[in-house]
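**Student:** In the working numbering, the protein residues as written are 11 to 166.
C-beta atoms are modelled at their ideal positions from N, C-alpha and C, and glycine is treated no differently.
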Amino acid sequence: MSIILKPRTTRLSAQGQGASPLSARGLATILTGGAAVLALILATAIPAKADKKDDLAKALIAAVVIGAIANELHDKPKPLPVPLPVKHPRVPSVCAISIDGVERSVTLYPESCLRAEGFTHTLPRGCANGASIFGKRDRVYSAQCLRDAGFKVSDR
């Protein structure tokens with residue numbers, strides 16, 4: 011019986027690297043396989059009656075091999091998280107105007123402030139009330155009406 015070995019030829023590029031470079035995944039696979047082979051060889055070469063030091067070495071080698079295999083199995087690409095649509099838009103709390111009365115307090119949100127803060131959601135028409143703020147006409151929305159319409163309004 012004879013064994014014929016055929017040499018593998020590799021083309022070198024101008025940078026001196028092989029035409030088929032080893033990827034990180036391929037390197038990890040080779041290292042994992044090498045660690046498993048080394049563990050098997052060491053396990054069979056150690057005599058049946060071993061010292062406590064040898065038992066510790068076996069345990070460490072086994073832990074390294076198991077860790078490498080586990081790392082190789084969990085090396086799959088993870089899907090990107092998908093942003094969930096906003097179901098309940100949050101009203102910017104910086105726009106809140108609190109009016110304290112004798113019997114109750116009311117929190118109002120001017121539309122001009124909401125738009126200036128980048129709030130682009132459609133506001134409910136049934137909540138709009140005309141008001142004059144610092145001499146300028148604006149529409150204001152009560153916090154309770156906005157809550158009832160499904161908006162998240164933070165309490166101050």
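1. Could you please give me the residues that DSSP links to proline 120 through a beta bridge?
2. On a CA-only basis, which of Asp65, Thr39, Gly77 and Leu156 is nearest alanine 138? Give me that one, please.
3. Should alanine 29 go down as buried or exposed, given a rule of 16 or more other Cβ atoms within 10 Å for buried?
4. In chain order, what residues of the same chain lie with their CB nearer than 6 Å to the CB of serine 103, ignoring the 5 residues before and after it?
5. Where does serine 103 fall in DSSP's three states?
6. Nearest to alanine 159 by CA position, among Ile51, Val75, Arg100 and Ala46, is which residue?
7. Exposed or buried, alanine 153, counting other C-beta atoms within 10 Å across all chains shown (16 or more means buried)?
8. With DSSP collapsed to three states, give me the class of alanine 38.
9. Below 8 Å on the Cβ atoms is my guess for glycine 140 versus arginine 147; work out the distance and round it to an integer in Å.
10. Below 8 Å on the Cβ atoms is my guess for threonine 42 versus isoleucine 79; work out the distance and round it to an integer in Å.
11. Tell me, which residues are paired with serine 164 by DSSP?
12. Would you kindly report the start and end of the unbroken beta strand (DSSP E) that includes serine 33?
13. Is alanine 159 helix, strand or coil when you go by DSSP?
14. Identify, in the order they occur along the chain, each residue of the same chain with its Cβ nearer than 6 Å to the Cβ of isoleucine 107, setting aside the five sequence neighbours on each side.
**Tutor:** Taking the geometry as given:
1. Val150
2. For the residues Asp65, Thr39, Gly77 and Leu156, the minimum Cα distance to alanine 138 belongs to Leu156.
3. Bear in mind that the predicted position of alanine 29 carries a pLDDT of just 48, short of 50, making it unreliable; the figure below should be weighed with that in mind. Exposed, because fewer than 16 other Cβ atoms sit within 10 Å of the Cβ of alanine 29.
4. Contacts found: Ser164.
5. DSSP places serine 103 in helix when its eight states are reduced to three.
6. Arg100
7. buried
8. In the structure shown, alanine 38 sits in a helix (DSSP, three-state: H, G or I).
9. The beta-carbon distance between glycine 140 and arginine 147, rounded to whole angstroms, is 7 Å. This is short enough to meet the 8 Å contact definition.
10. 6 Å
11. Note: serine 164 sits in no beta bridge, so no partner.
12. Here serine 33 belongs to no beta strand (DSSP E), and DSSP marks it neither H nor E.
13. coil
14. Leu118
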